[in-house]
Amino acid sequence: IIFISILVGRLPEHQRQRARIQGLALAMITRIALLLSLAWVMRLTTPFFTLLEQEISGRDLILLLGGLFLLYKSSQEIWENLEGEVHDEDGASKPAGSYVAVLGQIAILDIIFSLDSVITAVGMAKHIEVMVIAIVVAVGVMMFAAKAIGEFVERHPSIKMLALSFLTLVGVALIGEGLDMHIPKGYIYFAMAFSVTVELINIRVRRRSRPVHLNKPSQVTQAD
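Position 17, counted from 1, in the sequence shown is what the numbering used here calls 250; the numbers after and before it change by one each time, with no gaps.
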(Lines of atoms letter the chains of each structure in order from A; the text may use other names.)
(Lines give C-alpha, C1' and ligand atoms only; values in the text may rest on other atoms or scores of the structure.)
Protein backbone atom coordinates (compact mmCIF):
# COMPACT_ATOMS: atom_id res chain seq x y z
CA ILE A 234 0.00 0.00 0.00
CA ILE A 235 2.87 2.36 0.82
CA PHE A 236 4.46 1.83 -2.58
CA ILE A 237 1.11 2.46 -4.29
CA SER A 238 0.77 5.65 -2.23
CA ILE A 239 4.17 6.80 -3.49
CA LEU A 240 3.21 6.12 -7.10
CA VAL A 241 -0.18 7.85 -6.93
CA GLY A 242 1.44 10.79 -5.13
CA ARG A 243 2.74 11.87 -8.54
CA LEU A 244 -0.83 12.44 -9.73
CA PRO A 245 -3.06 15.48 -9.16
CA GLU A 246 -4.99 15.35 -5.88
CA HIS A 247 -8.38 14.70 -7.50
CA GLN A 248 -7.06 11.58 -9.30
CA ARG A 249 -5.25 9.90 -6.43
CA GLN A 250 -8.12 8.04 -4.74
CA ARG A 251 -9.43 6.77 -8.07
CA ALA A 252 -5.92 5.59 -8.98
CA ARG A 253 -5.59 3.78 -5.63
CA ILE A 254 -8.87 1.91 -6.12
CA GLN A 255 -8.28 1.09 -9.78
CA GLY A 256 -4.65 0.14 -9.13
CA LEU A 257 -5.60 -2.27 -6.35
CA ALA A 258 -8.43 -3.69 -8.47
CA LEU A 259 -5.96 -4.25 -11.31
CA ALA A 260 -3.55 -5.89 -8.86
CA MET A 261 -6.34 -8.19 -7.65
CA ILE A 262 -7.16 -9.21 -11.22
CA THR A 263 -3.51 -10.00 -12.01
CA ARG A 264 -3.15 -12.12 -8.86
CA ILE A 265 -6.31 -14.09 -9.59
CA ALA A 266 -5.23 -14.54 -13.22
CA LEU A 267 -1.86 -15.89 -12.08
CA LEU A 268 -3.56 -18.20 -9.60
CA LEU A 269 -5.94 -19.57 -12.22
CA SER A 270 -3.14 -20.11 -14.76
CA LEU A 271 -1.98 -23.22 -12.92
CA ALA A 272 -0.18 -24.99 -15.78
CA TRP A 273 1.61 -21.85 -16.97
CA VAL A 274 2.70 -20.84 -13.47
CA MET A 275 4.09 -24.30 -12.72
CA ARG A 276 6.12 -24.22 -15.96
CA LEU A 277 7.87 -21.09 -14.68
CA THR A 278 10.02 -23.31 -12.46
CA THR A 279 11.40 -25.26 -15.46
CA PRO A 280 14.88 -24.07 -16.54
CA PHE A 281 14.86 -22.06 -19.78
CA PHE A 282 18.61 -21.72 -20.32
CA THR A 283 21.94 -21.80 -18.51
CA LEU A 284 23.96 -18.66 -17.82
CA LEU A 285 27.44 -18.95 -16.25
CA GLU A 286 26.60 -22.47 -15.04
CA GLN A 287 23.41 -21.13 -13.46
CA GLU A 288 20.09 -22.53 -14.66
CA ILE A 289 17.61 -19.72 -15.31
CA SER A 290 13.90 -20.53 -15.20
CA GLY A 291 10.97 -18.32 -16.09
CA ARG A 292 10.54 -17.52 -12.41
CA ASP A 293 14.21 -16.55 -12.10
CA LEU A 294 13.98 -14.34 -15.18
CA ILE A 295 10.92 -12.52 -13.85
CA LEU A 296 12.60 -12.04 -10.47
CA LEU A 297 15.78 -10.69 -12.09
CA LEU A 298 13.90 -8.26 -14.32
CA GLY A 299 11.61 -7.33 -11.44
CA GLY A 300 14.54 -6.66 -9.14
CA LEU A 301 16.21 -4.46 -11.75
CA PHE A 302 12.92 -2.62 -12.27
CA LEU A 303 12.58 -1.99 -8.52
CA LEU A 304 16.16 -0.72 -8.29
CA TYR A 305 15.57 1.63 -11.22
CA LYS A 306 12.19 2.80 -9.94
CA SER A 307 13.32 3.41 -6.35
CA SER A 308 16.51 5.19 -7.46
CA GLN A 309 14.49 7.38 -9.83
CA GLU A 310 11.95 8.28 -7.14
CA ILE A 311 14.66 9.05 -4.57
CA TRP A 312 16.50 11.28 -7.06
CA GLU A 313 13.33 13.12 -8.05
CA ASN A 314 12.42 13.70 -4.39
CA LEU A 315 15.87 15.04 -3.56
CA GLU A 316 17.09 16.67 -6.76
CA GLY A 317 14.16 16.78 -9.19
CA GLU A 318 11.85 19.61 -10.12
CA VAL A 319 9.38 20.91 -7.56
CA HIS A 320 5.80 20.35 -8.73
CA ASP A 321 2.72 22.28 -7.79
CA GLU A 322 0.47 20.57 -5.27
CA ASP A 323 -2.36 20.32 -7.79
CA GLY A 324 -0.03 18.28 -10.00
CA ALA A 325 -0.42 20.65 -12.96
CA SER A 326 3.18 20.12 -13.98
CA LYS A 327 2.94 16.34 -14.10
CA PRO A 328 3.52 14.87 -17.54
CA ALA A 329 0.48 13.94 -19.60
CA GLY A 330 -0.49 10.29 -19.55
CA SER A 331 1.03 9.67 -16.13
CA TYR A 332 -2.26 8.20 -14.85
CA VAL A 333 -2.04 5.19 -17.17
CA ALA A 334 1.68 4.86 -16.42
CA VAL A 335 0.98 4.75 -12.67
CA LEU A 336 -1.64 2.01 -13.10
CA GLY A 337 0.79 0.03 -15.24
CA GLN A 338 3.54 0.33 -12.64
CA ILE A 339 1.16 -0.78 -9.88
CA ALA A 340 0.30 -3.90 -11.90
CA ILE A 341 3.99 -4.66 -12.53
CA LEU A 342 4.88 -4.20 -8.87
CA ASP A 343 2.07 -6.50 -7.78
CA ILE A 344 3.15 -9.25 -10.17
CA ILE A 345 6.72 -8.97 -8.89
CA PHE A 346 5.70 -9.04 -5.23
CA SER A 347 3.11 -11.80 -5.56
CA LEU A 348 4.87 -14.21 -7.94
CA ASP A 349 6.61 -16.31 -5.28
CA SER A 350 3.52 -16.56 -3.08
CA VAL A 351 1.35 -17.52 -6.06
CA ILE A 352 3.79 -20.26 -7.12
CA THR A 353 3.79 -21.59 -3.55
CA ALA A 354 -0.01 -21.45 -3.41
CA VAL A 355 -0.30 -23.30 -6.72
CA GLY A 356 1.99 -26.04 -5.42
CA MET A 357 -0.26 -26.48 -2.38
CA ALA A 358 -3.51 -25.86 -4.25
CA LYS A 359 -6.51 -27.93 -3.25
CA HIS A 360 -9.25 -25.33 -3.06
CA ILE A 361 -8.50 -22.56 -5.56
CA GLU A 362 -11.80 -20.84 -4.81
CA VAL A 363 -10.73 -20.31 -1.19
CA MET A 364 -7.49 -18.67 -2.35
CA VAL A 365 -9.43 -16.41 -4.74
CA ILE A 366 -11.73 -15.34 -1.89
CA ALA A 367 -8.68 -14.65 0.28
CA ILE A 368 -7.20 -12.41 -2.43
CA VAL A 369 -10.48 -10.50 -2.80
CA VAL A 370 -10.78 -9.98 0.97
CA ALA A 371 -7.14 -8.87 1.26
CA VAL A 372 -7.49 -6.36 -1.57
CA GLY A 373 -10.74 -5.10 -0.04
CA VAL A 374 -8.93 -4.38 3.23
CA MET A 375 -6.16 -2.60 1.32
CA MET A 376 -8.71 -0.48 -0.55
CA PHE A 377 -10.22 0.55 2.77
CA ALA A 378 -6.85 1.51 4.26
CA ALA A 379 -5.13 2.91 1.17
CA LYS A 380 -6.33 6.51 1.47
CA ALA A 381 -5.40 6.90 5.15
CA ILE A 382 -1.97 5.35 4.62
CA GLY A 383 -1.39 7.45 1.50
CA GLU A 384 -2.22 10.67 3.35
CA PHE A 385 0.08 9.62 6.22
CA VAL A 386 2.95 9.02 3.79
CA GLU A 387 2.37 12.41 2.14
CA ARG A 388 2.46 14.15 5.55
CA HIS A 389 5.71 12.44 6.55
CA PRO A 390 8.39 12.57 3.82
CA SER A 391 10.76 10.52 5.99
CA ILE A 392 8.36 7.56 5.78
CA LYS A 393 8.27 7.98 2.01
CA MET A 394 12.07 7.87 1.77
CA LEU A 395 12.13 4.86 4.09
CA ALA A 396 9.65 3.05 1.85
CA LEU A 397 11.76 3.82 -1.21
CA SER A 398 14.78 2.42 0.62
CA PHE A 399 12.75 -0.73 1.29
CA LEU A 400 11.98 -0.90 -2.42
CA THR A 401 15.73 -0.87 -3.12
CA LEU A 402 16.27 -3.59 -0.52
CA VAL A 403 13.54 -5.76 -2.02
CA GLY A 404 15.01 -5.22 -5.50
CA VAL A 405 18.40 -6.51 -4.35
CA ALA A 406 16.73 -9.47 -2.63
CA LEU A 407 14.79 -10.35 -5.81
CA ILE A 408 17.96 -10.24 -7.91
CA GLY A 409 19.59 -12.54 -5.36
CA GLU A 410 16.61 -14.92 -5.54
CA GLY A 411 16.78 -14.92 -9.32
CA LEU A 412 20.47 -15.90 -9.14
CA ASP A 413 19.73 -18.63 -6.56
CA MET A 414 21.38 -16.64 -3.77
CA HIS A 415 18.63 -16.81 -1.19
CA ILE A 416 18.40 -14.12 1.47
CA PRO A 417 16.27 -15.26 4.44
CA LYS A 418 13.10 -13.18 4.35
CA GLY A 419 13.09 -13.02 8.14
CA TYR A 420 16.17 -10.79 8.04
CA ILE A 421 14.52 -8.45 5.54
CA TYR A 422 11.26 -8.26 7.49
CA PHE A 423 13.12 -7.63 10.75
CA ALA A 424 15.18 -4.82 9.18
CA MET A 425 12.02 -3.22 7.79
CA ALA A 426 10.08 -3.55 11.04
CA PHE A 427 12.97 -2.15 13.08
CA SER A 428 13.44 0.80 10.72
CA VAL A 429 9.72 1.64 10.71
CA THR A 430 9.54 1.42 14.51
CA VAL A 431 12.49 3.77 14.93
CA GLU A 432 11.05 6.24 12.42
CA LEU A 433 7.61 6.22 14.09
CA ILE A 434 9.33 6.99 17.40
CA ASN A 435 11.24 9.82 15.72
CA ILE A 436 8.01 11.24 14.29
CA ARG A 437 6.40 11.18 17.71
CA VAL A 438 9.45 12.82 19.32
CA ARG A 439 9.56 15.54 16.68
CA ARG A 440 5.86 16.22 17.17
CA ARG A 441 6.28 16.67 20.93
CA SER A 442 9.51 18.65 20.82
CA ARG A 443 9.42 22.39 21.42
CA PRO A 444 10.15 24.70 18.48
CA VAL A 445 13.69 26.02 18.26
CA HIS A 446 14.18 29.72 19.07
CA LEU A 447 17.40 31.49 18.08
CA ASN A 448 19.24 33.31 20.85
CA LYS A 449 19.91 37.02 20.61
CA PRO A 450 23.56 37.87 19.82
CA SER A 451 23.98 39.74 23.11
CA GLN A 452 22.79 36.83 25.22
CA VAL A 453 24.62 33.68 26.18
CA THR A 454 22.40 30.82 27.21
CA GLN A 455 23.24 27.30 28.20
CA ALA A 456 22.17 24.72 25.66
CA ASP A 457 19.29 22.46 26.65
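From the three backbone atoms N, C-alpha and C, an ideal C-beta is built for every residue, glycine too.
Discussion item. Residue 284 and residue 404 - do their beta-carbons sit closer together than 9 Å?
Written reply: No, they are not a contact pair.
Practice prompt. Specify whether the segment 253-269 and the segment 396-413 touch according to this definition: at least 3 beta carbon pairs, one from each stretch, less than 8 Å apart.
Written response: Contact between the segment 253-269 and the segment 396-413 is not established, with fewer than three Cβ pairs separated by less than 8 Å.
Worksheet item: Taking DSSP as the reference, what is the three-state secondary structure of residue 435?
Response: In the three-state scheme derived from DSSP, where H, G and I count as helix and E and B as strand, residue 435 is classed as helix.
Discussion item. Here's a check: name, in chain order, each residue in its chain whose Cβ is nearer than 6 Å to the Cβ of residue 264, leaving out the five neighbours to either side.
Written reply: Once the five neighbours on either side are set aside, the close Cβ partners of residue 264 are 347, 368.
Worksheet item: residue 239 by DSSP, collapsed to three states: which one?
Response: Residue 239 carries a helical assignment under DSSP once its states are collapsed to helix, strand and coil.
Worksheet item: Should residue 236 go down as buried or exposed, given a rule of 16 or more other Cβ atoms within 10 Å for buried?
Response: When all chains shown are included, residue 236 counts as buried.
Worksheet item: Contact check, residue 411 vs residue 345 under 8 Å by CB: the rounded distance?
Response: Contact between residue 411 and residue 345 is ruled out by a C-beta separation of about 11 Å, above the 8 Å threshold.
Worksheet item: Taking all protein chains shown into account, do 16 or more other C-beta atoms lie within 10 angstroms of the C-beta of residue 391, making it buried, or fewer, making it exposed?
Response: Residue 391 should be labelled exposed.
Practice prompt. Compare the C-alpha of residue 395 against each of 268, 310, 301, 248 and name the closest.
Written response: Nearest C-alpha to residue 395: 310.
Practice prompt. Determine the burial state of residue 256: buried for a count of at least 16 other Cβ atoms within 10 Å of its Cβ, exposed for fewer.
Written response: Under this definition residue 256 is a buried residue.
Worksheet entry | Buried or exposed (CB count within 10 angstroms, at least 16 for buried), residue 364 | Residue burial is scored here from C-beta neighbours: residue 364 has at least 16 other C-beta atoms within 10 angstroms and is therefore classed as buried.
Worksheet item: Since residue 281 and residue 290 are thought to touch, with beta carbons under 8 Å apart, how far apart are those beta carbons, to the nearest angstrom?
Response: By a beta-carbon distance limit of 8 Å, residue 281 contacts residue 290. Their separation comes to about 6 Å.
Worksheet item: When DSSP labels each residue in this structure, what does residue 288 get in the three-state scheme?
Response: Collapsing the DSSP output to three states places residue 288 in a strand.
Fill in: Of the listed residues 234, 407, 383, nearest to residue 349 (C-alpha basis)
Of 234, 407, 383, the residue nearest in Cα terms is 407.
Fill in: For residue 282: DSSP bridge partner residues
DSSP output for residue 282 lists 289 as bridge partner(s).
Fill in: Whole-angstrom distance between residue 297 and residue 362, CA atom to CA atom
Computed Cα separation, rounded: 30 Å.
Worksheet entry | Buried or exposed by the 16-neighbour rule on C-beta atoms within 10 Å, applied to residue 372 | By the neighbour-count rule (16 or more Cβ atoms within 10 Å), residue 372 is buried.
Discussion item. Counting C-beta neighbours from all protein chains within 10 Å, is the total for residue 252 16 or more, i.e. buried, or is it exposed?
Written reply: It is buried - the Cβ of residue 252 has at least 16 other Cβ atoms within 10 Å.
Worksheet item: Going by alpha carbons, who is nearest to residue 244 out of 294, 266, 312, 335?
Response: Sorting 294, 266, 312, 335 by C-alpha distance to the C-alpha of residue 244 places 335 at the top.
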